[in-house]
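The structure appears below as structure tokens.
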Amino acid sequence: MAKEYKLSAERLEELKQELTYLKTVREKEVAAQIKEARSFGDLSENSEYDEAKNEQGKLYSRIAEVENILQNCVVIEAHTEDPDAVRLGSRIRVLDLEFNEEELYQVVGSQEADPMNGRISEDSPFGRALLGRAAGEEVHVEAPAGVLRYQILEIQK
Numbered sequence: 000m001a002k003e004y005k006l007s008a009e010r011l012e013e014l015k016q017e018l019t020y021l022k023t024v025r026e027k028e029v030a031a032q033i034k035e036a037r038s039f040g041d042l043s044e045n046s047e048y049d050e051a052k053n054e055q056g057k058l059y060s061r062i063a064e065v066e067n068i069l070q071n072c073v074v075i076e077a078h079t080e081d082p083d084a085v086r087l088g089s090r091i092r093v094l095d096l097e098f099n100e101e102e103l104y105q106v107v108g109s110q111e112a113d114p115m116n117g118r119i120s121e122d123s124p125f126g127r128a129l130l131g132r133a134a135g136e137e138v139h140v141e142a143p144a145g146v147l148r149y150q151i152l153e154i155q156k
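Numbering-wise, numbering that gives the first Met the number 0 puts 82 at position 83 of the sequence shown, and it's gapless, one number per residue.
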């Protein structure tokens, strides 16, 4: 069974646009690079040709990856069964109990994770610890540095 990818509607649209770009514009650019490199003569010692073929391999690999994600994705929608609990797509304001600092995070699917910008994957230890929790609850996260403690201050949808 193929892995299921959870995406927001925005990320789904971004991937569709990327796939269109890769299959139209980028594929033509790489084909032109290969054609130009072939014109340099002997292919056995032609580094430009080798580089263009490598670029073509990367392009087709990315196209296959994006197509796989699009074929096996589930769009994240708002959950109505428990609107006060942390779910995919929720924005959470937490208090780091060790340093007494407030932080803002959004729980997203693994394809959208960007921890440096506060977008944490539901598959991460912190993401898993937050899911299903409510405002006011204390969350403990196992990390290499030890157990991290947070209090959920606010949940926004």
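Where is the CB? At the ideal position from N, CA and C, for every residue including glycine.
- Counting along the chain, the unbroken beta strand (DSSP E) around alanine 142 starts and ends at 137–142.
- Secondary structure note for valine 65: its alpha helix (DSSP H) is the uninterrupted segment 46–70.
- Considering only Lys34, Leu18, Thr19 and Gln110, the residue with the shortest C-alpha distance to lysine 2 is Gln110.
- C-alpha of glutamate 141 to C-alpha of leucine 129: approximately 12 angstroms in a straight line.
- Following the DSSP letters along the chain, one finds lysine 34 in no beta strand (DSSP E) but inside the alpha helix (DSSP H) bounded by residues 26–37.
- Within the model, the alpha-carbon separation for alanine 133 versus isoleucine 91 is close to 10 angstroms.
- Spatial neighbours of leucine 96 in its own chain (CB-CB distance under 8 angstroms, excluding positions within 5 residues in sequence) are listed in chain order as Glu137, Arg148, Tyr149 and Gln150.
- For the 8 angstroms CB-CB criterion, glutamine 155 and serine 89 form a contact.
- Within its own chain, no residue has a Cβ closer than 6 angstroms to the Cβ of glutamine 16 once the five positions on either side in sequence are excluded.
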